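Be aware that the sequence shown starts at 1, since it is given in the UniProt record's numbering, and climbs by one per residue. Each residue gets a CB set at the ideal place from its N, CA and C atoms; glycine is no exception. Nothing here was measured: the structure is a model prediction, and the numbers come from that model.
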Amino acid sequence: SKGSERNDQEKENNVNNTNNVNTVSSTVNTAGTNRVNVVGELPFDPDMPALEDIKEPKKVIHALKYPSWIKAIQEELQQFKLQEVWTLVDLPNGKRAIGTKWVFRNKKDERGIMIRNKARLVTQGHTQEEGIDYDELFAPVTRIEAIRLFLAYASFKDFMVYQMNVKSAFLYGKIEEEVCVCQPPGFEDLGFPDRVYKVEKALHGLHQAPRAWYETLTTYLLDNGFQRGKINKTLFIKRHKDEFYGRTYILYGITSEKKNDGIFICQNKYIGEILKKFGFTEVNNASTPMETQKPLLKDEDDEKVDVYIYRYQVNLKVSHLHALKRIFRYLKGHPKLGLWYLKDSPFDLVAYTDSDYAEASFNRKSTIGGCRYLGSRLISWQCKKQIVVANSIIKVEYVAASSCCGQVL
């Protein structure tokens with residue numbers, strides 16, 4: 001019956017998380033007793049071909065069928081022990097334990113070849129209550145323009161740019177609030193099944209985790225002679241022998257390649273991933289991202305789109321969905337387009353801006369556009385509708401110039 005099928009499905013979903021388990025759960029000491037094999041050199045492992053056939057499991061009971069996923073789980077739990085992330089305690093009176101869940105991912109190198117399996121234990125932070133489980137949570141995030149600016153300067157100075165990854169970065173951040181979490185699904189302590197973990201470090205999924213990691217990283221860099229940027233708080237600089245050594249940040253999906261005459265930036269790997277994810281690998285290509293002769297307007301008559309395939313949009317219609325699909329078809333035909341930052345180009349700032357008042361007949365709000373260069377290196381650009389109604393071309397141009405100057409500053 002449909003009712004029994006639904007109950008069976010709910011049981012399966014609960015296997016991988018502890019959100020619906022007793023508010024008290026138990027702990028995992030297996031991290032201290034199991035051996036952990038670091039698989040950073042898996043490309044040379046004789047078992048490497050087997051990894052290609054392993055799909056990312058959705059539930060921990062499926063992951064435990066494969067030795068490589070078991071190793072990944074052991075490695076994650078070992079990090080928890082080394083970083084002294086938590087302690088097993090009885091659930092304090094008046095406290096509620098936050099559920100935990102395993103997330104499994106296949107890690108690939110720059111060639112797209114799978115090199116290892118990654119298991120991560122995350123908390124179900126959506127169940128946290130503000131003012132009880134967390135207070136402050138803001139953490140600055142690097143703007144994409146800052147990353148392009150950094151790479152442009154690196155190409156101009158012919159710097160070698162290094163990228164690093166901090167393993168289990170959030171586990172280094174300390175949290176101030178008293179937070180308790182359930183024991184990892186599938187790894188409960190049989191001796192104390194009703195106990196919970198009191199968290200000392202920032203786990204993935206907690207609202208305060210990004211802020212805790214940023215404060216830890218900032219303290220470390222400042223103590224080691226770095227200076228934080230006055231405007232961009234995510235940029236840290238250290239001067240040594242009249243040269244700058246900057247801190248780079250990872251942005252998922254961006255590939256930068258340093259060559260003898262400059263730096264090339266593109267997103268071909270990320271484009272391939274999203275095309276495969278949404279089933280656009282076999283579609284026809286599009287020559288432009290948007291229709292050049294058909295404006296994208298508010299559509300009151302077209303059929304509505306299924307609410308389960310979009311978020312945070314107002315009154316989305318099929319015509320808008322087709323416009324989005326056209327962008328995917330354009331990306332399929334131009335996956336390797338990118339930005340080329342020449343080493344020998346000057347470093348003078350040049351900004352352009354324009355507005356399209358003549359085409360603003362629909363609601364008298366014109367479209368403004370602009371771009372900023374450092375020499376020949378494109379750093380930022382924009383194309384957006386103005387939020388004010390203009391009654392003259394002069395006013396439109398002033399609004400466009402103001403927006404451009406804001407980007408420059």
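Short Cβ contact (8 angstroms threshold) for residue i with residue j
i: Leu275; j: Phe347; result: no
i: Ser380; j: Glu145; result: yes
i: Leu121; j: Thr100; result: yes
i: Lys174; j: Glu136; result: no
i: Gly229; j: Leu222; result: no
i: residue 418; j: Leu378; result: Summary: the structure shown does not reach residue 418, with the chain confined to residues 1 through 409, and so no result is reported for it.
i: Tyr134; j: Gln208; result: yes
i: Ala139; j: Phe104; result: no
i: Thr127; j: Ile147; result: no
i: Gly375; j: Gln407; result: no
i: Ile368; j: Ala390; result: no
i: Ile393; j: Tyr352; result: no
Start and end residues, alpha helix (DSSP H) containing residue i
i: Lys118; result: First-last for Lys118: 114-123, but that is the beta strand (DSSP E), not the alpha helix (DSSP H).
i: Asp354; result: Per DSSP, Asp354 belongs to no alpha helix (DSSP H); it is in the beta strand (DSSP E), 349-356.
i: Ile231; result: From DSSP, Ile231 is part of no alpha helix (DSSP H); its letter is neither H nor E.
i: Leu321; result: 318-333
i: Ile147; result: 144-157
Which of helix, strand or coil DSSP assigns to residue i
i: Ser402; result: helix
i: Leu171; result: helix
i: Lys201; result: strand
i: Gln163; result: coil
i: Phe104; result: strand
i: Phe244; result: Only weak support exists for where Phe244 lies, its pLDDT of 42 falling under 50; the coordinates are left without a value.
i: Val181; result: strand
i: Ile271; result: helix
i: Arg35; result: Confidence at Arg35 is low in this model, with a pLDDT of 35, below 50, so the placement of that residue should be treated as unreliable; the coordinate-derived value is given next. Correct three-state label for Arg35: coil.
i: Lys238; result: strand
i: Glu215; result: helix
i: Glu176; result: strand
i: Glu291; result: coil
Delimiting residues of the beta strand (DSSP E) encompassing residue i
i: Tyr373; result: 367-374
i: Phe264; result: 262-266
i: Tyr341; result: 338-342
i: Ser256; result: 255-259
i: Ile379; result: 377-385
Check: residue i C-beta below 7 angstroms from any heavy atom of the ligand NAD
i: Ser168; result: By its list of ligands, the structure shown contains no ligand whatsoever, and the ligand NAD lies outside what it can speak to.
Please list the segments of the alpha helix (DSSP H) lying wholly inside the segment 53-101, counting only runs of 4 or more residues, in order along the chain.
60-63, 67-82
Could you tell me whether the segment 194-210 touches the segment 152-167, where touching means 3 or more Cβ pairs closer than 8 angstroms?
no
Looking at C-beta atoms only, is the number of pairs between the segment 279-290 and the segment 173-190 that lie closer than 8 angstroms three or more?
no
Check whether the segment 155-167 and the segment 104-119 touch, using three or more Cβ-Cβ pairs below 8 angstroms as the test.
no
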